[in-house]
Each structure stands twice: as structure tokens, then as C-alpha cells.
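Below: one structure, written as C-alpha cells.
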Amino acid sequence: MSVDLDDVEIPQGERFEHHVLRLPHPSTGVVVTDADRVLLLWRHRFATGAWGWEIPAGRCEAGEEPATSAVREVEEETGYRVGRLEPLITFNPLAGVSSHVTHIFEGTDARRTGEHDPAEAAKVEWVAADDIPRFIRKGLVPDGITLAALSTYLTLRST
Numbered sequence: 001m002s003v004d005l006d007d008v009e010i011p012q013g014e015r016f017e018h019h020v021l022r023l024p025h026p027s028t029g030v031v032v033t034d035a036d037r038v039l040l041l042w043r044h045r046f047a048t049g050a051w052g053w054e055i056p057a058g059r060c061e062a063g064e065e066p067a068t069s070a071v072r073e074v075e076e077e078t079g080y081r082v083g084r085l086e087p088l089i090t091f092n093p094l095a096g097v098s099s100h101v102t103h104i105f106e107g108t109d110a111r112r113t114g115e116h117d118p119a120e121a122a123k124v125e126w127v128a129a130d131d132i133p134r135f136i137r138k139g140l141v142p143d144g145i146t147l148a149a150l151s152t153y154l155t156l157r158s159t
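Here UniProt numbering is used: the first residue of the sequence shown is 1, the next is one more, and so on.
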């Protein structure tokens, strides 16, 4: 990744310098569902010092398609392999300071292939989708990508 100082000219003509964070590869995340449950990881993030629930996510390797990365990340982090993957949303999590793109998918037909990676999560659990709004209100989902993914999933699920 790099942090650059760009000379920016906005459409109205004003010019200024602006720092931009550039990441070389997009990232992916998966809302893994099974009926009315979602597979979540309980993990600690040292940068913020916070514990919270997250979806499986990570960066695409060089030349890797987002869907391939998504399936790989789910299995590496949770010990489950998704059988079906559908695009859910693509967004820029830090559009004001970065061009980084995150692709979120919904994964279904998950089957257990092994144990979760303890370096990735303290625990992996199937959580009732109806419990997620309460988790969000209590601050138990502090990760922005997870918030965007779960909020989108819950919104589209109810329409």
C-alpha cells in the first residue's frame, strides 16, 4: 500500500493537496447464510483494540478474481467452504481518502471442511440473522466492512 499526496482539482475548479491511501488489490467479504443464520467470526483487532463480530473477509491476491478470493477467505478463516456464491454489493469503504474497492458476496450451501484458524478468530459461530440488529446497536459489530455487508444483506433480505 502507499500513501500519496495528490494535487487535486475538483469539478468546481478549486485545487488543493489531498492524501490518498492506495491499496494494490481489492478486498472481498462474504455473508455466509444458512436459512436464517449468518456465519460470523468473533475477533480482536489490535489497531483499534476492539473485539467484535465480523464476516470472513480479506484481500484478493495478485491476479485473483474476487469470487475466488471470497471462497478462499471463508474456508481459511472459518473452516467452512461455500457451495454457492452470489454478488451482494461492491463499494468503496473509504471513498474520501482511498480508491480501494471491496466486493461483498452472499455465500450459501456451506459445508464444514476443517477447523477455523485461531489466528483469525477466537470463535466462529452461526448467529441468528434476527440477532444482528441488536449486536449492531450494542456496538458488537465495530468493523465498517462487516456493518455495510450485514446491513445490506438484512435490508435486501427483507424486501
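Where is the CB? At the ideal position from N, CA and C, for every residue including glycine.
These numbers were taken from a predicted model, which means no experiment stands behind them.
Residues sharing a beta bridge with residue i, DSSP
{"i": "Arg15", "result": "Glu9"}
{"i": "Leu21", "result": "Val3 and Ser98"}
Of the listed residues the options, nearest to residue i (C-alpha basis)
{"i": "Glu106", "options": "Ala95, Leu41 and Val31", "result": "Val31"}
{"i": "residue 164", "options": "Ser98, Arg157, Glu120 and Asp109", "result": "The shown model of the chain, from 1 to 159, leaves out residue 164, and the question about it has no answer."}
{"i": "Ile104", "options": "Thr113, His116 and Phe91", "result": "Phe91"}
{"i": "Gly139", "options": "Gly96, Ala122, Leu94 and Ala50", "result": "Ala50"}
{"i": "Ile21", "options": "Glu115, Glu64 and Ala95", "result": "According to the sequence shown, residue 21 is Leu rather than Ile. Among Glu115, Glu64 and Ala95, the Cα nearest to that of Leu21 belongs to Ala95."}
{"i": "His100", "options": "Thr33, Arg15, Gln12 and Pro24", "result": "Pro24"}
{"i": "Ala62", "options": "Pro26, Arg45 and Arg37", "result": "Pro26"}
{"i": "Ala35", "options": "Thr155, Trp126 and Leu156", "result": "Trp126"}
{"i": "Ala119", "options": "Pro56, Ala129 and Asp7", "result": "Pro56"}
Inter-residue CB distance, residue i and residue j (contact presumed, cutoff 8 Å)
{"i": "Gly79", "j": "Arg111", "result": "Not a contact, Cβ separation roughly 10 Å."}
{"i": "Leu39", "j": "Glu54", "result": "About 11 Å separates the two Cβ atoms, so there is no contact after all."}
{"i": "Tyr153", "j": "Leu88", "result": "6 Å"}
{"i": "Glu73", "j": "Thr102", "result": "The pair is not a contact, with the Cβ atoms about 12 Å apart (cut-off 8 Å)."}
{"i": "Glu77", "j": "His44", "result": "About 14 Å separates the two Cβ atoms, so there is no contact after all."}
_Please give the ranges of any alpha helix (DSSP H) in the UniProt domain "Nudix hydrolase" (23 to 154), keeping only runs that are unbroken, at least 4 residues long and fully inside the region._
As far as the UniProt domain "Nudix hydrolase" (23 to 154) is concerned, its whole alpha helix (DSSP H) runs of at least 4 residues are 66 to 78 and 132 to 137.
*Quick one: any contact between the segment 140 to 147 and the segment 60 to 80, if contact means 3 or more CB pairs under 8 Å?*
With contact defined as three or more Cβ pairs closer than 8 Å, the segment 140 to 147 and the segment 60 to 80 are not in contact.
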